[in-house]
């Protein structure tokens with residue numbers, strides 16, 4: 368019971384839950400701003416009314432999600448000082464630098480131009496107004512990169528010196544921090560996956576309207592755009608994920624070993640990738656598995672004869688370097704999170720390919736189950752990103768900053784388990800209420816038809832009425 372109420376356990380649960388909740392809004396925001404920008408660009412270039420309607424329609428969804436993401440993201444900053452003050456003191460000089468850049472450069476750029484986009488419809492020339500949404504998208508990318516760079520320091524610390532007398536890491540090279548090879552590999556992977564999430568939203572919304580045989584002239588182009596985006600972004604996610612895997616093996620070999628539940632070092636054919644494995648909890652005995660020979664070797668080294676370190680051997684190495692302790696993460700979490708991430712993403716792409724086949728030559732499927740699949744498959748890319756984030760963070764354990772600070776040493780010394788439990792319950796109830804509000808707002812925005820109704824005079828786009836809908 369004392370373990371369950373410990374400050375460490377509850378603080379980890381609280382940060383994990385609040386971060387996952389906030390993370391739900393991040394990929395939608397990143398991907399959806401580009402969806403809106405592309406549709407608006409198509410309208411400016413072609414003058415076709417349905418592109419304007421799609422811009423307004425998905426713009427509303429983007430803005431709702433953006434606002435909720437900002438609100439929930441603020442809580443994350445407070446937790447560093449409240450529940451993880453030791454961590455903040457230890458790494459604040461380094462960790463704070465990319466976060467400061469994110470706030471000063473990225474967020475202000477994003478916030479300023481999103482305001483211009485919202486209120487500038489009837490006040491700015493089309494080209495200038497279009498530039499505002501693209502600058503908003505640029506700010507979103509910069510924001511994502513600086514946050515990923517901050518997290519990358521926790522995965523692979525660079526650009527610092529350790530002041531043992533003060534017990535803290537001090538920044539020595541900001542360029543090394545922002546060009547951390549983990550950040551350079553994780554950023555394109557994250558952005559491509561975010562485009563998959565946005566594509567899933569477009570597909571689901573368009574599928575809902577097409578199931579009711581309404582707004583065909585608008586929603587057919589939208590769903591085709593979403594399907595092609597899903598397939599393209601899925602391919603990029605696969606390629607960038609491969610590169611991220613190579614970096615992970617180089618910087619955190621224990622994480623790859625845990626992802627495969629590989630207890631003993633393997634080479635070549637023995638370094639196989641298990642599609643599914645059942646074994647004893649200690650990993651000594653494998654009861655059943657489905658394996659692909661050589662695949663783990665190829666994923667880890669890009670050769671079929673490469674060597675992949677096992678948990679036992681890496682544990683022995685880490686013990687020599689860092690002292691006594693258990694340096695392996697929770698194996699079943701990393702093992703299954705890695706596979707769920709791949710599985711959810713792969714199913715999303717396969718369904719998109721099937722959708723393109725069904726819609727070829729302008730055909731519109733009349734069976735309602737087709738559109739139900741389009742709607743209910745929407746959470747798959749988001750689920751893939753969520754379990755991917757869990758894999759990334761849980762696979763780093765027991766380190767808060769790899770090789771420098773253990774998670775158990777980062778919690779606030781003067782905060783009790785009861786205090787964290789109270790705040791955890793409050794946050795859970797509050798975020799549950801916000802989830803209901805968010806879902807209802809998004810559902811209402813997705814089902815509204817006013818933006819999708821063609822103007823009486825197609826030649827008149829009536830931009831003066833657009834700002835009022837926001």
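In our numbering, the protein residues as written are 368 to 837. All C-beta atoms, glycine included, are put in the ideal place defined by N, C-alpha and C.
| Does the stretch 658–667 come close enough to the stretch 735–744 to have 3 or more Cβ pairs within less than 8 Å? | Here the stretch 658–667 makes no contact with the stretch 735–744; the two share fewer than three CB pairs at distances below 8 Å.
| request: Can you have a look at residue 482 and say buried or exposed, based on whether 16 or more other CB atoms are within 10 angstroms of its CB? | output: Here residue 482 corresponds to residue number 115 of the chain shown, with the count starting at 1. The residue is exposed, with fewer than 16 neighbouring Cβ atoms inside 10 Å.
| For residue 392, three-class secondary structure by DSSP | Along the chain shown, read from residue 1 onward, the residue named residue 392 stands at position 25. Collapsing the DSSP output to three states places residue 392 in coil.
| query | How would you label residue 492, buried or exposed, when you count the other beta carbons within 10 angstroms and need 16 or more for buried? | reply | Numbered from its first residue, the chain shown carries residue 492 at position 125. By the 10 Å Cβ count, residue 492 comes out exposed.
| task | Go to residue 460, then tell me how far its alpha helix (DSSP H) extends in each direction, as first and last residue. | result | Your numbering for residue 460 matches position 93 in the chain shown. Per DSSP, residue 460 is one residue of the alpha helix (DSSP H) stretching across 452–468.
| said: Does residue 444 pass the burial test, meaning 16 or more other C-beta atoms within 10 Å, or should it be called exposed? | reply: Numbered from 1 along the chain shown, position 77 holds the residue referred to as residue 444. Answer is exposed; the Cβ neighbour count stays below 16.
| query | So residue 392 and residue 436 are in contact, right, with Cβ under 8 Å, and what is the actual spacing, rounded? | reply | Looking up residue 392 in the chain shown gives position 25. Looking up residue 436 in the chain shown gives position 69. That belief holds up - the Cβ atoms of residue 392 and residue 436 are roughly 3 Å apart, short of 8 Å.
| message | Distance check for residue 377 and residue 784, CA to CA, integer angstroms please. | response | Translated into the one-based positions of the chain shown, residue 784 becomes position 417. Translated into the one-based positions of the chain shown, residue 377 becomes position 10. When only Cα atoms are considered, residue 784 and residue 377 end up about 7 Å apart.
| field | Distance, residue 433 Cα to residue 842 Cα | value | One cannot answer for residue 842 here, as it falls past the ends of the chain, which runs 368 to 837.
| field | Contiguous beta strand (DSSP E) assignments of at least 3 residues, all confined to the stretch 486–539 | value | The stretch 486–539 contains these whole beta strand (DSSP E) runs: 527–530 and 535–538.
| said: According to DSSP, is residue 640 part of a helix, a strand, or is it coil? | reply: Sequence index remark: in the chain shown, residue 640 carries index 273 (1-based). Residue 640: strand per DSSP, three-state reduction.
| request: Could you name the residues of the same chain whose beta carbon sits closer than 6 Å to that of residue 685, not counting the 5 residues immediately before and after it, in chain order? | output: As a working mapping, residue 685 is identified with position 318 in the chain shown. In chain order, 694 place their CB closer than 6 Å to the CB of residue 685, counting only its own chain and leaving out the 5 sequence neighbours on each side.
| task | Write down every uninterrupted run of the alpha helix (DSSP H) in the stretch 369–434 whose length is 4 residues or greater and which is fully enclosed by it, in chain order. | result | The stretch 369–434 contains these whole alpha helix (DSSP H) runs: 374–390 and 393–413.
| For the 8 Å Cβ check, are there 3 or more pairs between the stretch 756–766 and the stretch 689–704? | Enough Cβ pairs lie closer than 8 Å, so yes.
| said: Out of 450, 484 and 545, which one is the CA nearest neighbour of residue 789? | reply: As a working mapping, residue 789 is identified with position 422 in the chain shown. The candidate whose alpha carbon is nearest that of residue 789 is 450.
| message | I'd like the span of the alpha helix (DSSP H) that includes residue 583, first residue to last. | response | As a first step, residue 583 is located in the chain shown; it is residue number 216 there, counting from the start. Per DSSP, residue 583 belongs to the alpha helix (DSSP H) from 583–618.
| task | Could you give the DSSP three-state label for residue 674: helix, strand or coil? | result | Your numbering for residue 674 matches position 307 in the chain shown. Strand, per DSSP.
| Going by other Cβ atoms of all chains shown within 10 Å of its Cβ, with 16 needed for buried, is residue 779 buried or exposed? | Within the chain shown, residue 779 is the residue found at index 412, counting from 1. Around the CB of residue 779, 16 or more other CB atoms lie within 10 Å, so the residue is classed as buried.
| query | Based on Cα-Cα distance, which residue from 742, 754 and 689 lies nearest to residue 810? | reply | Working through the chain shown from its first residue, we reach residue 810 at position 443. It is 742.
| query | Relative to the alpha-carbon of residue 690, which residue among 773, 636 and 665 has its alpha-carbon at the smallest distance? | reply | Counting from one through the chain shown, the residue named residue 690 turns up at place 323. For the residues 773, 636 and 665, the minimum Cα distance to residue 690 belongs to 773.
| Which word fits residue 575, buried or exposed, when buried means at least 16 other C-beta atoms lie within 10 angstroms of its C-beta? | Position 208 of the chain shown holds residue 575. The residue is buried, with at least 16 neighbouring Cβ atoms inside 10 Å.
| query | Taking the C-alpha atoms as reference points, what is the distance between residue 740 and residue 480? | reply | For this step, residue 740 is matched to residue 373 along the chain shown. For this step, residue 480 is matched to residue 113 along the chain shown. The straight-line gap separating the alpha-carbon atoms of residue 740 and residue 480 is approximately 36 Å.
| Proximity to residue 592 [Cα-Cα], best of 403, 485 and 744 | Here residue 592 is taken as the residue at index 225 of the chain shown, counted from 1. Cα-wise, what sits closest to residue 592 is 403.
| task | Report the three-state DSSP secondary structure of residue 549 (helix, strand or coil). | result | One-based indexing of the chain shown puts residue 549 at position 182. Three-state result, residue 549: helix.
| At which residues does the beta strand (DSSP E) containing residue 768 begin and terminate? | Against the chain shown, residue 768 aligns to sequence position 401. Looking at the DSSP string, the run of the beta strand (DSSP E) that includes residue 768 is 766–768.
| task | Count the other C-beta atoms from every protein chain shown that fall within 10 angstroms of the C-beta of residue 382, then say buried if there are 16 or more, exposed otherwise. | result | Position 15 of the chain shown, counted from the start, is the residue given in the question as residue 382. Answer is buried; the Cβ neighbour count reaches 16.
| Cβ distance (whole Å) where residue 507 is taken to contact residue 438 below 8 Å | Here the question's residue 507 lines up with position 140 in the chain shown. Here the question's residue 438 lines up with position 71 in the chain shown. 16 Å between Cβ atoms; not a contact.
| field | Start and end residues, alpha helix (DSSP H) containing residue 664 | value | Here residue 664 refers to the residue found at position 297 of the chain shown. In the DSSP assignment, residue 664 falls within the unbroken alpha helix (DSSP H) covering 662–668.
| Are there 16 or more other CB atoms within 10 angstroms of the CB of residue 448, so buried, or fewer, so exposed? | Here residue 448 refers to the residue found at position 81 when the chain shown is read from its first residue. Sixteen is the threshold: since fewer than 16 other Cβ atoms of the shown chains lie within 10 Å of the Cβ of residue 448, the residue is exposed.
| field | Ranges of the alpha helix (DSSP H) found wholly within the stretch 770–816, counting only runs of at least 4 | value | Runs found: 784–814.
| Would you report the Cα separation of residue 730 and residue 578, rounded to the nearest angstrom? | By one-based count along the chain shown, residue 730 stands at place 363. By one-based count along the chain shown, residue 578 stands at place 211. Cα-Cα distance, rounded: 14 Å.
| said: If contact is defined by three or more beta carbon pairs under 8 Å, each pair taking one atom from either stretch, is the stretch 620–637 in contact with the stretch 667–682? | reply: The stretch 667–682 makes contact with the stretch 620–637; the number of CB pairs closer than 8 Å reaches 3 or more.
| request: With DSSP as the reference, label residue 686 as helix, strand or coil. | output: Here the question's residue 686 lines up with position 319 in the chain shown. When DSSP states are grouped into helix, strand and coil, residue 686 belongs to the helix group.
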